[in-house]
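Here the structure comes first, spelled out in structure tokens, and everything after it is commentary.
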Amino acid sequence: MSITGPGTTAARTTVVKLGGSVLRDLSSYQSCARFIRDRLGSQAGSRFVIVVSARFGETDELLSLAKSLSAAPDDATLDLLWSTGEIRSVATLALCLQALGVRAAALDVHQTGIRRIGRIDVDPAPLSGARRSGNACLRLRSAARVARGAPRPRT
5 MSITGPGTTA ARTTVVKLGG SVLRDLSSYQ SCARFIRDRL GSQAGSRFVI
55 VVSARFGETD ELLSLAKSLS AAPDDATLDL LWSTGEIRSV ATLALCLQAL
105 GVRAAALDVH QTGIRRIGRI DVDPAPLSGA RRSGNACLRL RSAARVARGA
155 PRPRT
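Heads up: take any position in the sequence shown, counting from 1, add 4, and you land on the numbering used here.
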């Protein structure tokens, strides 16, 4: 996909999705960071948006915690609890990338410019700014949920 804007040249943006199945422990985050660094090196001039899920099993652990505290956890509160796993995952990957010398901007869903107010509304400025300064990491599940205006299904 090409991203262009006033006063810019076309820059290729690659979107990479990293799910919990590959994010299992610190060494797997480091492996993913090396993969991303290597891809950046082989695609000069490209920018990457890395979409990150929570670590493998963390969403289930958080659901168990919620159910141990409440028989029927409120969807909004459960969603907030789940987001903590996703934020931790984004920050962990960003730190691994930074340790390799890769400029990485870790974003949560509110920092992406994606929101829903009666309809999907995207302000491209925040994500574009993060892409210009490095690689952007964001929480796919939360971003998609905000865009749909619906809670994440329970697993």
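Glycine included, each C-beta is placed from N, C-alpha and C at the ideal position.
With distances taken between CB atoms, is the gap from residue i to residue j smaller than 8 Å?
| i | j | result |
| --- | --- | --- |
| F39 | T18 | no |
| S93 | L27 | yes |
| S57 | G105 | no |
| A110 | A95 | yes |
| S35 | L44 | no |
Exposed or buried, which one is residue i when buried takes at least 16 other CB atoms within 10 Å?
| i | result |
| --- | --- |
| R59 | buried |
| E90 | buried |
| L30 | exposed |
| T81 | exposed |
| L73 | exposed |
| A48 | exposed |
Given residue i, which residues of its chain have a CB within under 6 Å of its CB, disregarding the five upstream and five downstream residues?
| i | result |
| --- | --- |
| L220 | A query on residue 220 cannot be resolved here, the shown segment of the chain reaching from 5 to 159 and no further. |
| R41 | L104, V106 |
For residue i, which three-state DSSP category applies?
| i | result |
| --- | --- |
| V26 | coil |
Identify, in the order they occur along the chain, each residue of the same chain with its Cβ nearer than 7 Å to the Cβ of residue i, setting aside the five sequence neighbours on each side.
| i | result |
| --- | --- |
| Y33 | L27, T96, L97, C100 |
> Enumerated in chain order, which unbroken segments of the alpha helix (DSSP H) with a length of 4 residues or greater are wholly contained in the region 38 to 111?
Replying inline: 62 to 73, 79 to 103
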